[in-house]
Amino acid sequence: MEGYVCSALFLSFLAGSATLIGGFVAFFVKKHDLTVLSIGMGFSAGVMIYVSFMELLPVAIEYISASYSGNTAKWIMGGGFFTGILIAAIIDQLIPEHHLEEHEVEEASLDPHSNSNKIKRVGLVTAIALAIHNFPEGLATFMSALESTQLGISIAVAVAIHNIPEGIAVALPVYNATGSRKKAILYSGLSGMAEPVGAIIGYLFLARFLNTTGFGILFAVVAGIMIYISFDELLPTANEYGDGHKEIWGLLFGMLVMFISLQLF
1 MEGYVCSALF LSFLAGSATL IGGFVAFFVK KHDLTVLSIG MGFSAGVMIY VSFMELLPVA
61 IEYISASYSG NTAKWIMGGG FFTGILIAAI IDQLIPEHHL EEHEVEEASL DPHSNSNKIK
121 RVGLVTAIAL AIHNFPEGLA TFMSALESTQ LGISIAVAVA IHNIPEGIAV ALPVYNATGS
181 RKKAILYSGL SGMAEPVGAI IGYLFLARFL NTTGFGILFA VVAGIMIYIS FDELLPTANE
241 YGDGHKEIWG LLFGMLVMFI SLQLF
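The following block contains the structure:
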């Protein structure tokens, strides 16, 4: 049994560490490249919106429907989704927002680079949202690997593939705000490490209590969190540094990448 547990934990770790690959994109981006920043923010939003509506919510309703039928399952899923939005709004309030001093306003209006704290904040909020998203993924990978090593490997590969663009989503704003590639990689890696943490916590505390309904509600909550972050943080910031078109292409490309990765794996 211990061997299976170690293998399951290792698979969760490998899946989570794939965000580092996305983080390394910072080595190929010029600091304060507003075009890349705008497209990257849109890309991040596309990743999270697509994952929420096309993966998390369908899985949530499927899991909840195993115990509840018809409209009851939909109401439970909807309750979880809007609870996630509320949680994200609370998280948003807890992370300090950068306010320009009066003497900085004119400078900021002339130089969009000067508001780097705002961009960094968006990167941190994105990292938190994706870490919360990765937590149940790590738990799901771990539990699947305990049931079947082959199933666990399949899920770990799928999770790892779509963790790469999630790493990009965290790395780009952090690098643009700080100019530090090391910080960009660090934050993207930390967001992925929520997966093995989720696996460990799941093994120690949650595995005996969390049934399919619980998993369904958890995925619905995560979807709500990611949708709020996408519309409240990522898209407004992408629009601020874009021209009204680049960020939309980034959003569509993010959706396309997630579609392909989910279809292939």
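Under full-length UniProt numbering, the first residue of the sequence shown carries the number 1, and numbering increases by one thereafter.
Quick reminder that beta carbons are idealized off the backbone N, C-alpha and C, glycines included.
What's the gap between the Cα of residue i and the Cα of residue j?
{"i": "Ile128", "j": "Tyr68", "result": "31 Å"}
{"i": "Gly250", "j": "Lys30", "result": "17 Å"}
{"i": "Leu160", "j": "Leu190", "result": "Looking at the sequence itself, residue 160 is Ala, so the reference to Leu does not match. Going by the C-alpha atoms only, they are around 14 Å apart."}
{"i": "Glu247", "j": "Val5", "result": "43 Å"}
{"i": "Asn163", "j": "Gly123", "result": "16 Å"}
{"i": "Gly254", "j": "Ala45", "result": "7 Å"}
{"i": "Glu195", "j": "Leu9", "result": "9 Å"}
{"i": "Phe82", "j": "Gly242", "result": "30 Å"}
{"i": "residue 273", "j": "Pro136", "result": "The structure shown does not extend to residue 273, since the chain spans only 1 to 265, so no value can be given for it."}
{"i": "Gly70", "j": "Glu62", "result": "11 Å"}
{"i": "Ile201", "j": "Phe142", "result": "11 Å"}
{"i": "Leu94", "j": "Ala131", "result": "16 Å"}
{"i": "Ala66", "j": "Leu57", "result": "14 Å"}
{"i": "Ala169", "j": "Gly192", "result": "12 Å"}
{"i": "Asn211", "j": "Gly244", "result": "44 Å"}
{"i": "Trp75", "j": "Ile85", "result": "15 Å"}
{"i": "Met54", "j": "Leu139", "result": "20 Å"}
{"i": "Ile119", "j": "Asp92", "result": "14 Å"}
{"i": "Leu20", "j": "Ser188", "result": "6 Å"}
{"i": "Val25", "j": "Phe205", "result": "36 Å"}
{"i": "residue 288", "j": "Leu186", "result": "Past the edges of the chain, shown from 1 to 265, lies residue 288, and the structure says nothing about it."}
{"i": "Glu233", "j": "Arg121", "result": "9 Å"}
{"i": "Glu72", "j": "Gln150", "result": "First, the residue type needs correcting, since residue 72 is Thr and not Glu in the sequence shown. Distance between the alpha carbons of Thr72 and Gln150 is about 34 Å."}
Starting from residue i and walking both ways along the alpha helix (DSSP H), at which residues does that stretch end?
{"i": "Ala238", "result": "Leu235 to Tyr241"}
{"i": "Met193", "result": "Element bounds for Met193: n/a, residue is neither H nor E."}
{"i": "Val25", "result": "Per DSSP, Val25 belongs to no alpha helix (DSSP H) and is neither H nor E."}
{"i": "Glu62", "result": "Leu57 to Ser65"}
{"i": "Gly42", "result": "Leu34 to Val51"}
{"i": "Leu204", "result": "Note, Leu204: premise wrong, no alpha helix (DSSP H); not H, not E."}
{"i": "Met255", "result": "Lys246 to Leu264"}
{"i": "Arg228", "result": "Strictly speaking, residue 228 in this sequence is Tyr, with Arg absent from that position. It spans Thr212 to Ile229 - the alpha helix (DSSP H) in which Tyr228 sits, taken as one unbroken run."}
{"i": "Asp232", "result": "Asp232 -> no alpha helix (DSSP H), and no H or E assigned at all."}
{"i": "Met54", "result": "Here Met54 belongs to no alpha helix (DSSP H), and DSSP marks it neither H nor E."}
{"i": "Gly79", "result": "Gly70 to Leu94"}
Looking only at its chain, what residues have a beta carbon closer than 6 Å to the beta carbon of residue i, apart from the 5 residues adjacent to it on each side?
{"i": "Leu256", "result": "none"}
{"i": "Leu110", "result": "Any reading at Leu110 must be qualified, since the residue scores a pLDDT of 37, below 50, and its modelled position is unreliable; the value itself is stated next. So no residue of the chain qualifies."}
{"i": "Ala220", "result": "Ala60, Met77, Gly80 and Phe81"}
{"i": "Leu172", "result": "Gly40"}
{"i": "Ala18", "result": "Ala160, Asn163 and Ile164"}
{"i": "Gly42", "result": "Ala238, Glu247, Gly250 and Leu251"}
{"i": "Leu37", "result": "Asn176 and Tyr241"}
Closer than 7 Å by C-beta to residue i: which residues in its own chain qualify, once you throw out the five before and the five after it? Chain order, please.
{"i": "Trp39", "result": "Checking the sequence shown, residue 39 turns out to be Ile, not Trp. Cβ within range, chain order: Lys246, Glu247, Trp249 and Gly250."}
{"i": "Phe27", "result": "Arg181"}
{"i": "Leu14", "result": "Ala156 and Ala160"}
I want to see whether chain D comes within less than 8 Å of residue i, judged by CB atoms only; does it?
{"i": "Gly242", "result": "Given the protein chain composition of this structure (a single chain), no chain D is represented."}
Could you pull out every residue in the same chain whose Cβ sits closer than 8 Å to the Cβ of residue i, ignoring the five residues on either side in sequence?
{"i": "Leu146", "result": "Tyr4, Val5, Ala8 and Gly152"}
{"i": "Ile87", "result": "Val221, Gly224 and Ile225"}
{"i": "Thr213", "result": "Tyr63, Ile64, Ala66, Ser67, Tyr68 and Ile76"}
Is there contact between the region 168–183 and the region 31–44, where contact requires at least three CB pairs shorter than 8 Å?
yes
Do the region 38–58 and the region 216–226 make contact, defined as three or more Cβ pairs closer than 8 Å?
yes
Please go through the region 138–180 and give each complete alpha helix (DSSP H) segment of 4 or more residues, from N-terminal end onward.
149–178
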